[in-house]
Amino acid sequence: MQLIPTDYTEFFHWFKKHTETYWNKDRDASPGEKLCPEWLQGAKWIGMTEEQIDQVQEKFSVIFTPEHRAFLKILHTIDRKERIYNAGGDYYEQPFLFNWLEDEEAIRLKLHFPYNTILDDVLRMGFWQNRTWGERPDSDEDRTKIFTELYNTAPKVVPLTGHRFLVADATLERKPVLSVLGADIVCYGLDLRKYLLQEFNEHLDIRHRRYDVENEQWEWVLNEEYKTSFLYEDQSGVRKVKFWGDFVM
């Protein structure tokens, strides 16, 4: 039996159920219960309609892959911003996942973020991919010209949250999620399903409490029946993705 669905639509509904269950646990029910941060208590996913998705595509000049559209319809983002606390107890807010109906300024910045930050590494840090880009030109103007041509013919990437981007190439069987910070690019999931499981696994109601005898403390561990779904997957295939694969180790 497949505990975590592989079909995207079924998986997104499964993910919604198990995150909202975790976020809705009664804080007074049991002192030993694993609870979410208080700011997340009672959080709900707020999906988009097909019409809204179409409008967003036109507004931002992006194209969502079929699985990304399904994600936006069922999940999209939650009904509040994420709170990031400092040591003094103060906090600032940021999108938990980008809200395509409200976070226009942040999304527009992120749409240009990969190009701007990689180009900055090319010009200021001397970064260059000789193997696939050819010999490194001497002038900033020529380096910018070649890099821009390469970037414009690469698969588009669509922001999810922070520095996480989904490769929106419909020809790929699995569209990886990348963390992009200049030329420092890391695969955070071979597809949207794997990314959500890895990035937000602490938000899923699939853990139990176990006593660690060696360290003499209680800990929360993944339920045994789910462990196979979180095993490492070989990511070497990501290196075959045009342009983006040049960066991934």
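Using the numbering used here, the first residue of the sequence shown is number 25, and each one after it goes up by one. Ideal Cβ positions, reconstructed from N, Cα and C, are used throughout, including at glycine. Model, not experiment: these values are computed from the prediction.
Are the CB atoms of residue j and residue i within a distance shorter than 9 Å?
i, j, result
"F120", "E129", "no"
"F254", "N225", "yes"
"H187", "T43", "no"
"A94", "T33", "yes"
"K58", "W268", "no"
"G261", "R198", "yes"
"A192", "F84", "no"
"W47", "L64", "yes"
Which whole-angstrom value is the C-beta distance of residue i and residue j, which I expect to be below 8 Å?
i, j, result
"F171", "L216", "F171 to L216, Cβ: 28 Å. No contact."
"Y250", "L27", "6 Å"
"L147", "T168", "7 Å"
"L174", "W157", "6 Å"
"Q81", "L125", "The Cβ separation is near 13 Å, so there is no contact."
Who are the near neighbours of residue i in its chain, counting only those whose CB is closer than 7 Å to its CB and skipping five residues on each side?
i, result
"T101", "I70, P119, F120, L121, F122, N123"
"Y212", "R188, V201, L202, S203, Y219, Q222, E223"
"P183", "F122, I131, K134, L135, F189"
"F36", "A94, F95, I98, L99"
For residue i, collect the residues of the same chain with a Cβ closer than 8 Å to its Cβ; drop the 5 residues on either side in sequence, then sort them by chain order.
i, result
"R155", "D270"
"A178", "K266, F267, W268"
If you draw a straight line from the alpha carbon of residue i to that of residue j, how long is it in whole angstroms?
i, j, result
"T45", "K68", "10 Å"
"Q79", "V237", "55 Å"
"K97", "E91", "10 Å"
"T185", "R233", "30 Å"
"D164", "K180", "24 Å"
"R231", "I209", "31 Å"
"I108", "C60", "14 Å"
"L214", "E117", "28 Å"
"G66", "D127", "22 Å"
CB-CB under 6 Å to residue i, same chain, minus the five flanking residues each way: which ones, in chain order?
i, result
"T141", "G206"
In chain order, each alpha helix (DSSP H) run of at least 4 residues that lies wholly inside the region 95-179: 128-148, 154-157, 164-176
Just to confirm the assignment: which complete alpha helix (DSSP H) runs, minimum length 4, are found wholly within the region 198-226? 216-223
Fully enclosed by the region 26-54, which alpha helix (DSSP H) runs are 4 residues long or longer? 32-47
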